[in-house]
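Novice: Protein chains in written order, with my numbering: chain A, 1 to 183; chain B, 1001 to 1183.
Before I ask anything, here is the structure I am working with.
Protein chains: 2
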Amino acid sequence: MSRHFDQAQGLTEEHDPATHEFVFNQTMLRIKDPERALKFYTSVLGMTLIKRLDFDEMKFTLYFLACIPPERLIDWSNDDNQRIVQTFSRPAMLELTHNWGDESDDSVSYHSGNEQPKGFGHIGFAVPHIDDACERFESLGVEFKKKPNDGGMKGIAFIKDPDGYWIEIFTPDRLPDLLGGRL
Amino acid sequence: MSRHFDQAQGLTEEHDPATHEFVFNQTMLRIKDPERALKFYTSVLGMTLIKRLDFDEMKFTLYFLACIPPERLIDWSNDDNQRIVQTFSRPAMLELTHNWGDESDDSVSYHSGNEQPKGFGHIGFAVPHIDDACERFESLGVEFKKKPNDGGMKGIAFIKDPDGYWIEIFTPDRLPDLLGGRL
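Structure below.
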């Protein structure tokens, strides 16, 4: 039996034991203004700031955020060093990089990856109820790239963060029906 | 007590119950050649292809990959619809997008986000032993942006995937010492 669940050219069947404990830990995005970005990710998406790292010599700060339900905050250490280990061990950390001064430099804006030259596309969040989530986003003044009922792929939304990065929003249970005609 | 572990401007203290079940599920990167990219992510990084979705009308395919130790493959359903729900529910999925024909179109290459215009920076993987991991990457012919002993931040490496995206490689246990002078 294959260790992959679908077929494709290029798949390596052998699972090298050297990779057994590898963890896809983080995705890093540059941000212009940390106050604006942190407000968005901690209010609109409910994320928690797990670790802040200031690099004085190089004049930048990293902010590591995660989706943590309040009852799971106890999983995280209050000891700075322990929490650094946790921050770099666990899956699905969002790393925001702030180069000091960007927030007051009118010449600085970051590239979403969705205009030329294209590359990175988006990050994506699962939500329990897409329509409720999008109504809430609208009430919070969030900018939409695509509302759930726009375009061909009903039931999937794209919002924009304050830097213009795209964030896909979907409800997993609804996707088999949504994708049904396309498999 | 704050629900955040460090201080910063912009943090929202209240955790809106509407966001309690939000999951940071995915990071999407466009790739030129799926055979080349899948070989890299399944061999060099040991990832598993969880779901492939072909969109015939729009002429693109999505490949969803995860770091799954072999003993945890049983957590994933062999039923396509169940596995779609899992694919979009779980944290730390890597989504690779292939626009058909890119692989044979010399004019197409994707932007890493680390040259102008900058934006997305990198994805990052935790590995149990940074030196062993990097020796193995070298033996596999992986391109390095930074080896662990290069530059100022010893013990952290950056490799490049076949499209040129940067991938940070680090060993969590070693980071408190490494970052010690900077906190």
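All C-beta atoms, glycine included, are put in the ideal place defined by N, C-alpha and C.
What you are looking at is a predicted structure, and each value in this text was computed from that prediction instead of being measured.
(1) Compute the beta-carbon to beta-carbon distance between residue 171(A) and residue 123(A), rounded to the nearest angstrom, for a pair I have assumed lies under 8 Å.
(2) Given a cut-off of 8 Å, decide if residue 1113(B) and residue 119(A) are closer than it, judged by their beta-carbon atoms.
(3) Does DSSP classify residue 1068(B) as helix, strand or coil?
(4) Taking 8 Å as the threshold (C-beta atoms), are residue 1084(B) and residue 1065(B) in contact?
(5) Look up residue 28(A) in the DSSP assignment and give the residues it is bridged to.
(6) Below 8 Å on the Cβ atoms is my guess for residue 1154(B) versus residue 1143(B); work out the distance and round it to an integer in Å.
(7) Closest by CA to residue 79(A), which one among 52(A), 108(A), 59(A) and 92(A)?
(8) Rounded to whole angstroms, what is the Cα-Cα separation between residue 1087(B) and residue 34(A)?
(9) Residue 38(A): buried (16+ other C-beta within 10 angstroms of its C-beta) or exposed?
(10) So what does DSSP say about residue 168(A), is it helix, strand or coil?
(11) Looking only at its chain, what residues have a beta carbon closer than 6 Å to the beta carbon of residue 11(A), apart from the 5 residues adjacent to it on each side?
(12) Going by Cα to Cα distance, which pick from 63(A), 9(A), 26(A) and 99(A) is closest to residue 32(A)?
(13) Would the beta-carbon of residue 1162(B) fall within 8 Å of that of residue 15(A)?
(14) Going along chain B, which residues have a C-beta under 7 Å from residue 50(A)?
(15) Once you ignore the five residues that flank residue 145(A) on each side, which residues in its own chain have a CB closer than 6 Å to its CB?
(16) Helix or strand or just coil, what does DSSP make of residue 1055(B)?
(17) Beta-carbon of residue 1084(B) versus every beta-carbon of chain A: anything under 8 Å?
(18) Tell me which residue opens and which closes the alpha helix (DSSP H) that residue 138(A) is part of.
(19) Can you give me the C-alpha to C-alpha distance between residue 45(A) and residue 169(A), rounded to a whole angstrom?
(20) What does the alpha-carbon distance come out to for the pair residue 68(A) and residue 1105(B)?
(21) Would you list the residues sitting across from residue 146(A) in a DSSP beta bridge?
(22) What do you get for residue 25(A), buried or exposed, if any count of 16 or more other CB atoms within 10 angstroms of its CB means buried?
(23) Using a C-beta to C-beta distance shorter than 7 Å, which residues of chain C count as neighbours of residue 125(A)?
(24) Could you give the DSSP three-state label for residue 1019(B): helix, strand or coil?
(25) Does the CB of residue 1035(B) have a neighbour CB from chain A at under 8 Å?
(26) Could you check where the alpha helix (DSSP H) with residue 3(A) kicks off and where it finishes?
(27) Using a Cβ cut-off of 8 Å, pull out every chain A residue sitting near residue 1092(B), in sequence order please.
(28) Measure from the alpha carbon of residue 27(A) to the alpha carbon of each residue in 151(A), 54(A), 20(A) and 91(A), then state which is nearest.
(29) Tell me the rounded alpha-carbon separation between residue 48(A) and residue 1047(B).
(30) Just verifying my parser: in three-state terms, what is the DSSP assignment at residue 1087(B)?
(31) Contact defined as beta carbons within less than 8 Å: I believe residue 1140(B) pairs with residue 1096(B). What is the distance between those atoms, to the nearest angstrom?
(32) Buried or exposed: which applies to residue 1156(B), given that a residue is buried once 16 or more other Cβ atoms fall within 10 Å of its Cβ?
(33) Going by the CB atoms, is the gap between residue 126(A) and residue 1022(B) shorter than 8 Å?
(34) Between residue 1016(B) and chain A, is any beta-carbon pair separated by less than 8 Å?
Specialist: According to the structure shown:
(1) The Cβ separation is near 16 Å, so there is no contact.
(2) yes
(3) coil
(4) no
(5) 95(A) and 1122(B)
(6) In fact, because the Cβ distance is near 20 Å, the residues do not count as touching under 8 Å.
(7) 52(A)
(8) 31 Å
(9) buried
(10) strand
(11) 4
(12) 99(A)
(13) no
(14) 1005
(15) 158, 160 and 166
(16) strand
(17) yes
(18) 130-139
(19) 10 Å
(20) 43 Å
(21) 158(A)
(22) buried
(23) The displayed structure is made up of protein chains A and B, and chain C is not among them.
(24) helix
(25) yes
(26) It is not in any alpha helix (DSSP H) - residue 3(A) carries neither H nor E in the DSSP assignment.
(27) 23, 24, 25, 91 and 92
(28) 91(A)
(29) 27 Å
(30) helix
(31) Their Cβ separation, rounded to whole angstroms, is 19 Å, which puts residue 1140(B) and residue 1096(B) out of contact at 8 Å.
(32) buried
(33) yes
(34) yes
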